[in-house]
Structures are given as structure tokens and as C-alpha cells.
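Have a look at the structure below before the remarks.
Numbering (the UniProt record's numbering), first residue to last: 1 to 206.
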């Protein structure tokens, strides 16, 4: 059965990074690519093209399709590791082109993947991992209560913004704006100078 109001799991990373970026992509349906997004796309194409395989007691499933009726999510994950045993351990693995971040942007996406797997396969997932291409390092991520709460909150906010169909004003982090492929379409500096942006920000402040 189709989920007509489902959002893409990858969209959660967009929302966590910047709600305006999320709205531009998923409400206004605009997109622009830069070097970072191009490198990320190529990386994911390489990962998704691999076949499932078994190495000793671990099975690797690539390009796994995901959905959650509970959270109204759909998407595709890069890699699912299933470690055999009396009670198999499931570990989602997400590939990112950059490097580890203090913020939870990437971890929210990974946690949402884990929650989908839990719903689809009736299992409990305790950890996942993110492979960062730039530093060639794998970061283990506990799928704990804190991360689950943040992820569920992000899912709820992303659904709400999509339902409202509005595009919020730019965030205040100019460094984050400069790294965004939508910088020229977003025009954050223009909207920051416009006094109406501050008014709108206060109007929708919760």
C-alpha cells in the first residue's frame, strides 16, 4: 500500500541541517548541485551497485528499500549488516562523503533507517554506523533513547512543515549557508536583510 503522505528518510537530514533547505527541496521542488552533492551522489551510486554477500558470520545487504507506516517514511539505505547468531544483530550503515560532525544531522538519518528496519523486520537495533569517505573512517552510532527522541521530533517537524507548505526564513549560521548547494536559489543574505524575515521567524516561533 502506498504512503501518500510519506517523506523520504534522506529529507530528515535536510530538515536537521536547515528547515529552509528542506522546504526549498521538498515543498518548492527546487534543486541545485555543487561539488559536495555530486561527490555524495557518486559515492552512493557505487555503494548501491554492490550485490548482497556473506562474509563469515555477517551478511551484507545493499540498497535496502525501507518504509515505516508508523512514522510515514520511505527510502533506501546504503548497507544493512546482519550479524548471525542465536539472535541476529542488525546494523544499518550510511555512507557520507564528508567527515564526522558534532551535530546530529547524519545520525538522525541513520536512526530513522534503524526504526524502519525495526518495524519491517520486528527486531531491536542497538547501534548503526556511518562511513565517512573524506577521512576513511567508520563511526559507530548508538541508537539510544536520546537519538530516537531527536529523530522522532525531526520527523514530526518535517511532516508539519510539508503539510503547511511554507518556506521558513534562513537560519543564522552563515557558514552552513555557504556550504549549501542551494545558496544562490535561497538568497539567505537578501532575506536576512529584509525585516519581514525576522517578523516571520517570530511569528512561527514555538
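For each residue, glycine too, the CB sits at the ideal point set by N, CA and C.
- Inclusion of residue 186 and residue 24 in the CB contact set at 8 Å is warranted, their separation being smaller than that value.
- Of the candidates 115, 4, 170, the residue whose Cα lies closest to the Cα of residue 149 is 115.
- Rounded to whole angstroms, the separation of the alpha carbons of residue 14 and residue 65 is 19 Å.
- Residue 82 sits in a strand when the DSSP states are folded into three classes.
- Cβ-Cβ distances below 7 Å link residue 134 to 97, 98, 99 in the same chain, with the five nearest sequence neighbours on each side left out; the list follows chain order.
- The three-state secondary structure of residue 179, taken from DSSP, is coil.
- Burial check for residue 106: the Cβ neighbour count within 10 Å reaches 16 or more, so the residue is buried.
- Apart from the 5 residues on each side of it in sequence, residue 104 sits with its Cβ closer than 8 Å to the Cβ of 16, 147, 150 in its chain, given in chain order.
- For the set 93, 67, 87, 183, the Cα lying nearest the Cα of residue 137 is the one of 93.
- Residue 58 sits in a strand when the DSSP states are folded into three classes.
- Here residue 170 carries a coil assignment [DSSP, helix/strand/coil].
- Collapsing the DSSP output to three states places residue 3 in coil.
- Fully contained in the stretch 60-121 are the following beta strand (DSSP E) runs of length 3 or more, in chain order: 73-83, 89-96.
- A Cβ-Cβ distance of about 5 Å is found for the pair residue 139 and residue 130, placing them in contact under the 8 Å criterion.
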